[in-house]
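Numbering (the numbering used here), first residue to last: 40 to 337.
All C-beta atoms in this analysis are idealised placements derived from N, C-alpha and C, irrespective of residue type, glycine included.
Just so we're clear, the structure is a prediction, and the values are computed from it rather than from any experiment.
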Amino acid sequence: MEIEHKIIGSTRIMGIIGNPVEHSISPQLHNTISKHLGIDAVYVPFKVEKQDLENATKGMRALNAVGFNVTVPYKKDVMKYIDENSKEALLMGAVNTVKCFEGRLFGYNTDADGFARSFKEETGVGFSGKTIAVIGAGGAARAIVVKLAMEGAKKIYIINRTVSKAVELAEIVNNNMGKIAFYCGDRESGSEFVDFEAYTDSDIIINTTSIGMHPNVDESPVPENIRLKSSQIVYDVIYNPDKTKLLKQAEENGCKCVNGLGMLFYQGITAYEIWTGVRLKEDFLTELYKNFQGILTK
Ligand code: NDP
Numbered sequence: 040m041e042i043e044h045k046i047i048g049s050t051r052i053m054g055i056i057g058n059p060v061e062h063s064i065s066p067q068l069h070n071t072i073s074k075h076l077g078i079d080a081v082y083v084p085f086k087v088e089k090q091d092l093e094n095a096t097k098g099m100r101a102l103n104a105v106g107f108n109v110t111v112p113y114k115k116d117v118m119k120y121i122d123e124n125s126k127e128a129l130l131m132g133a134v135n136t137v138k139c140f141e142g143r144l145f146g147y148n149t150d151a152d153g154f155a156r157s158f159k160e161e162t163g164v165g166f167s168g169k170t171i172a173v174i175g176a177g178g179a180a181r182a183i184v185v186k187l188a189m190e191g192a193k194k195i196y197i198i199n200r201t202v203s204k205a206v207e208l209a210e211i212v213n214n215n216m217g218k219i220a221f222y223c224g225d226r227e228s229g230s231e232f233v234d235f236e237a238y239t240d241s242d243i244i245i246n247t248t249s250i251g252m253h254p255n256v257d258e259s260p261v262p263e264n265i266r267l268k269s270s271q272i273v274y275d276v277i278y279n280p281d282k283t284k285l286l287k288q289a290e291e292n293g294c295k296c297v298n299g300l301g302m303l304f305y306q307g308i309t310a311y312e313i314w315t316g317v318r319l320k321e322d323f324l325t326e327l328y329k330n331f332q333g334i335l336t337k
């Protein structure tokens, strides 16, 4: 009989709480990093029912976990059980990463950081001084819009099916970071801009909705009659399929296109770096990303 040495007396826990969690690729991602770095930790998925969220969160602290991720549907609800949420997470209204440190829980949002890292990595372009159209006003949009504002975007247009949610999101930005966000809608509804103007005026167009996601691969959030320009960068947070209808439209018009795979990858990388204080090296990340592309798109 061979003695198993992977988990020993000093091994600490990392994990993810959510419901469902069975599909999560985070265990493979984080356990691979720990193995590579020789860090004595194990990352485990925890399916948590709504009524157990408080106990599960406090339990992670009681069990001396290194930290944990939080996924759907608890990114907002978990915040009330955290001792200190970052300013960014408070503005984004969601926490997806918690660090346990000296008996206290610290909440962060790495979705936006993952988005920004992947965008810059793949385009070589930052957000400072840029005019950006964001389609959607849900959870992903809020994280991204706040990040864009924090990183110095000049103007952000928010286009959403439910205009009242776009109005709310624009207010969050404008009340906290100066008036740079504008919701789009009919002129009759009091909107300063219509969708068409936002698409035409923007350097960068970001889809944060689920339109075009598998199995609805023939749908695009940008109407066919909008002619995208080759100077525009189009980012779609969707990664399944890897090329959405929107990205195909954009590619046909010569735009630089990026899908959401890098965002998914880097939100996990940033979480790991927060927990351990280790900044992962670029060559390791490049190799890891290549190896994980297959798993991430399953
Ligand atoms: P939410 O439910 O919070 O928001 C959904 C958004 O999509 C809303 O703006 C909603 O508009 C809009 N929407 C959905 N269906 C339609 C439709 N048929 N027509 C028009 N608008 C529609 O979801 P999230 O923000 O959490 O997630 C959105 C997408 O982002 C998902 O596809 C998710 O997989 C992806 N995502 C990717 C990540 C990554 O790492 N790459 C990370 C997080 C999310 P309305 O307000 O009118 O309902």
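Problem set entry | Terminal residues of the alpha helix (DSSP H) in which residue 202 lies | Position 163 of the sequence shown, counting from 1, holds the residue named residue 202. Residue 202 -> alpha helix (DSSP H) spans 202 to 216.
Problem set entry | Cβ neighbours of residue 190 in the same chain (closer than 8 Å, five flanking residues each side left out) | For this step, residue 190 is matched to residue 151 along the sequence shown. Excluding positions up to five away in sequence, the list reads 155, 165, 166 and 167.
Problem set entry | residue 331 (DSSP reduced to helix, strand or coil) | In the sequence shown, counting from the first residue as 1, residue 331 sits at position 292. Helix.
Problem set entry | Alpha carbon of residue 222 to alpha carbon of residue 231, nearest angstrom | Locating residue 222 in the sequence shown gives position 183, where the first residue counts as 1. Locating residue 231 in the sequence shown gives position 192, where the first residue counts as 1. Near 8 Å, if we compare the C-alpha coordinates of residue 231 and residue 222.
Exercise. Comparing alpha-carbon positions, which option in 57, 61, 258 and 74 lies nearest residue 111?
Worked result: Numbered from 1 along the sequence shown, position 72 holds the residue referred to as residue 111. Measuring from the Cα of residue 111, the nearest candidate turns out to be 57.
Exercise. On the premise that residue 332 lies in contact with residue 286, defined as a C-beta separation below 8 Å, what is that separation, rounded to the nearest angstrom?
Worked result: Within the sequence shown, the letter at position 247 stands for residue 286. Within the sequence shown, the letter at position 293 stands for residue 332. Contact doesn't hold; Cβ gap of about 16 Å is too wide.
Problem set entry | Exposure of residue 74, with buried meaning 16 or more beta-carbon neighbours within 10 Å | Numbered from 1 along the sequence shown, position 35 holds the residue referred to as residue 74. Answer is exposed; the Cβ neighbour count stays below 16.
Exercise. For residue 118, is the beta carbon positioned less than 7 Å from some heavy atom of the ligand NDP?
Worked result: Taking the sequence shown and counting its residues from 1, one reaches residue 118 at position 79. No, since every heavy atom of the ligand NDP falls outside the 7 Å radius drawn around the Cβ of residue 118.
For this session: Below 7 Å CB to CB, which residues in the same chain sit around residue 296 once its five sequence neighbours on both sides are set aside?
Result: On the sequence shown, position 257 is the one that residue 296 refers to. Only 273, 286, 289 and 290 meet the Cβ criterion.
Exercise. Residue 134 to residue 59, Cα distance in whole Å?
Worked result: Translated into the one-based positions of the sequence shown, residue 134 becomes position 95. Translated into the one-based positions of the sequence shown, residue 59 becomes position 20. The alpha-carbon atoms of residue 134 and residue 59 are separated by roughly 17 Å.
Exercise. Which residues does DSSP pair with residue 79 in a beta bridge?
Worked result: Indexing the sequence shown from 1 puts residue 79 at position 40. Residue 79 pairs with nothing; no bridge assigned.
Problem set entry | Cutoff 7 Å; reference residue 98; Cβ partners in own chain excluding five residues on either side | Within the sequence shown, numbered from 1, the residue matching residue 98 stands at position 59. Within the same chain, residue 98 has no close Cβ partners at all.
Exercise. Sorted by chain position, which residues of the same chain lie with C-beta nearer than 6 Å to residue 236's C-beta, five sequence neighbours on each side aside?
Worked result: By one-based count along the sequence shown, residue 236 stands at place 197. The beta carbon of residue 236 sits closer than 6 Å to no other beta carbon from its chain once the five residues preceding and following it are set aside.
Exercise. What residues in its chain sit with their C-beta under 8 Å from that of residue 105, if we drop five residues either side in the sequence?
Worked result: Translated into positions along the sequence shown, residue 105 becomes position 66. Excluding positions up to five away in sequence, the list reads 51, 52, 53, 80, 138, 139, 314 and 315.
Problem set entry | Reduced DSSP category for residue 192 - H, G, I as helix; E, B as strand; rest coil | As a first step, residue 192 must be located in the sequence shown, where it is residue number 153. Of the three classes helix, strand and coil, the one that applies to residue 192 here is coil, per DSSP.
For this session: State the DSSP-derived secondary structure class of residue 161, mapped to helix, strand or coil.
Result: One-based indexing of the sequence shown puts residue 161 at position 122. Correct three-state label for residue 161: helix.
For this session: Pick helix, strand or coil for residue 91, following the three-state DSSP scheme.
Result: Taking the first residue of the sequence shown as 1, we reach residue 91 at position 52. DSSP places residue 91 in helix when its eight states are reduced to three.
For this session: Specify, as a first and last residue, the run of the alpha helix (DSSP H) that residue 302 falls within.
Result: Here residue 302 corresponds to residue number 263 of the sequence shown, with the count starting at 1. Segment 300 to 315, the alpha helix (DSSP H) holding residue 302.
Exercise. Closer than 7 Å: is that where the CB of residue 204 sits relative to any heavy atom of the ligand NDP?
Worked result: For this step, residue 204 is matched to residue 165 along the sequence shown. Yes.
Problem set entry | For residue 238, the first and last residue of its enclosing alpha helix (DSSP H) | Here the question's residue 238 lines up with position 199 in the sequence shown. First-last of the alpha helix (DSSP H) with residue 238: 234 to 240.
For this session: Kindly indicate the opening and closing residues of the beta strand (DSSP E) around residue 144.
Result: Locating residue 144 in the sequence shown gives position 105, counting from the first residue. That run of the beta strand (DSSP E) goes 143 to 147.
Exercise. Three or more C-beta pairs closer than 8 Å, one from the segment 249 to 257 and one from the segment 274 to 282: is that the case here?
Worked result: yes
Problem set entry | Rounded separation between residue 246 and residue 69 - CA only | For this step, residue 246 is matched to residue 207 along the sequence shown. For this step, residue 69 is matched to residue 30 along the sequence shown. Going from the Cα of residue 246 to the Cα of residue 69 covers about 27 Å.
Exercise. If you follow the beta strand (DSSP E) that residue 138 is part of, which residue opens it and which one closes it?
Worked result: Working through the sequence shown from its first residue, we reach residue 138 at position 99. Note, residue 138: beta strand (DSSP E), 136 to 140.
Problem set entry | Cutoff 7 Å; reference residue 234; Cβ partners in own chain excluding five residues on either side | As a working note, residue 234 is residue 195 in the sequence shown. If the five residues before and after residue 234 are omitted, its C-beta is found closer than 7 Å to the C-beta atoms of 198 and 223, all from its own chain and listed in chain order.
Problem set entry | residue 146: CB within 7 Å of a non-hydrogen atom of the ligand NDP | Within the sequence shown, the letter at position 107 stands for residue 146. No, the beta carbon of residue 146 sits no closer than 7 Å to any heavy atom of the ligand NDP.
Problem set entry | N-terminal and C-terminal residue of the beta strand (DSSP E) that residue 295 is part of | Here residue 295 refers to the residue found at position 256 of the sequence shown. Per DSSP, residue 295 belongs to the beta strand (DSSP E) from 295 to 297.
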